[in-house]
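Take the sequence shown: its letters are residues -11 to 189, numbered as in the working numbering. Worksheet: one structure, shown below.
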Amino acid sequence: MSKIKTVCVYCGSGPGTNPLFTESAKAFGKVLAENGIRLVYGGGSLGIMGAVASSVLDHGGMVTGIIPDFLKLRENALKRVQEMIVTPDMHERKRLMFEHSDAFVALPGGIGTLEELVEQLTWQQLGRHSKPVLLANIDGFWEPLFALLAHMRETEFIRNGLSVEILKAERVEDILPRLQAAAALLPDSAAEMEPEFARRL
-11 MSKIKTVCVY CGSGPGTNPL FTESAKAFGK VLAENGIRLV YGGGSLGIMG
39 AVASSVLDHG GMVTGIIPDF LKLRENALKR VQEMIVTPDM HERKRLMFEH
89 SDAFVALPGG IGTLEELVEQ LTWQQLGRHS KPVLLANIDG FWEPLFALLA
139 HMRETEFIRN GLSVEILKAE RVEDILPRLQ AAAALLPDSA AEMEPEFARR
189 L
């Protein structure tokens, strides 16, 4: 899987308290558009979620939104995306987000962002996929999670053979190069097998 064509972004449906969060989302959306990489995201128009998608579109990029039916009104589904997939539930949403994406990036967000991120790390840990997963550590947002992961290693709940391969970027401009470098190390067969694994989970 030497070339990344789609990136799934997990992030908050609110803006958070730090203006850097929204600014970084917009900057990353611009990077994706300028590099011809399609954004896959949760489908909403609010918060950081809406900022990254709108930025991709504003800069001539392509966006796939995937949203469960019950969230269309609550998260104000972004109507101008090129592709909007409506699912019956969250499980189908997450499966399709996985299948449509070559890599995953977590911008700042809340419990939903954390849940989606941790699920990808769990699948990776169990050997169900090898797609790159990166935490965009904007203004140190994800430091408490890195500390928790270190604590899990120290207490041997993350043991040898059950490693968690997580990339980290402090700056928006470092995100895509790190994803591409990680993807370049993967065999093409990895991408072909993963959708079937997702169906079995």
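We put the beta carbon where it would ideally sit given N, CA and C, even for glycine. Small disclaimer: the values here were computed from a predicted structure and weren't measured.
| task | Have a look at R81 and T75 and give me their C-alpha separation to the nearest angstrom. | result | When rounded, the distance between both Cα atoms is 6 angstroms.
| query | Would you call the CB atoms of Q113 and V51 closer than 8 angstroms? | reply | Not in contact: Q113 and V51 (Cβ atoms no closer than 8 angstroms).
| query | Which residue spans inside the region 49 to 123 form an unbroken alpha helix (DSSP H) run of at least 4? | reply | For secondary structure counted as the alpha helix (DSSP H) over 4 or more consecutive residues, the region 49 to 123 holds these complete runs in sequence order: 78 to 87 and 99 to 113.
| said: Between the alpha carbons of A157 and H79, how many angstroms are there, rounded? | reply: Using only the alpha carbons, I get a separation of about 28 angstroms.
| task | Check R159 in the structure and name its three-state DSSP category. | result | Coil.
| request: Examine chain D for any beta-carbon lying closer than 8 angstroms to the beta-carbon of E80, and answer yes or no. | output: No chain D is part of this structure, which consists of one protein chain only.
| With burial defined as no fewer than 16 other Cβ atoms inside 10 Å of the residue's Cβ, what is the status of I163: buried or exposed? | I163 comes out buried.
| What do you get for F9, buried or exposed, if any count of 16 or more other CB atoms within 10 angstroms of its CB means buried? | By the Cβ-count criterion, F9 is buried, with 16 or more other Cβ atoms from all chains shown falling within 10 Å of its own Cβ.
| field | Supposed contact pair V40 and C(-1) - C-beta distance, whole angstroms, cut 8 angstroms | value | In this structure, C(-1) and V40 form a Cβ contact; the two beta carbons are roughly 6 angstroms apart against a cut-off of 8 angstroms.
| request: Would you decide whether Q70 is buried or exposed? Buried here means 16 or more other CB atoms lie within 10 Å of its CB. | output: Exposure of Q70 is indicated by the presence of fewer than 16 other C-beta atoms within 10 angstroms of its C-beta.
| field | Own chain residues within Cβ distance below 7 angstroms of Q168, not counting five before or after | value | The answer, listed in chain order, is I(-8).
| query | How is the beta strand (DSSP E) around R26 delimited, first residue to last? | reply | Boundaries of the beta strand (DSSP E) around R26: R26 to Y29.
| said: If I measure Cβ to Cβ from P3 and keep anything under 8 angstroms in the same chain, skipping five residues before and after, which residues do I get? | reply: For P3, where only same-chain residues beyond five positions count, the Cβ hits under 8 angstroms are F9, T10, G35, I36 and A39.
| request: Round the Cβ separation of H47 and A21 to the nearest angstrom and send it over; I've been treating them as touching at under 8 angstroms. | output: Confirmed, Cβ separation roughly 4 angstroms.
| Sufficient close CB pairs (3 or more, under 8 angstroms) joining the region 93 to 107 to the region 115 to 124 | Three or more beta-carbon pairs drawn from the region 93 to 107 and the region 115 to 124 are found closer than 8 angstroms, and the two stretches are therefore classed as touching.
| I think S33 touches A13, with their Cβ atoms under 8 angstroms apart; what is that distance to the nearest whole Å? | Contact doesn't hold; Cβ gap of about 13 angstroms is too wide.
| query | My guess is that M72 and G31 are in contact by the Cβ rule of under 8 angstroms, so how many angstroms apart are they, rounded? | reply | Indeed, because the Cβ distance is near 6 angstroms, the residues count as touching under 8 angstroms.
| field | Cut-off 8 angstroms between Cβ atoms - residues of its own chain near L95, not counting five sequence neighbours on either side | value | Result list for L95: V(-3), Y(-2), C(-1), G0, F9, S12, A13, F16, I36, V40, T101, A124 and I126, in chain order.
| query | Would the beta-carbon of A172 fall within 8 angstroms of that of A91? | reply | Their beta carbons are not under 8 angstroms apart, which means A172 does not touch A91 by this criterion.
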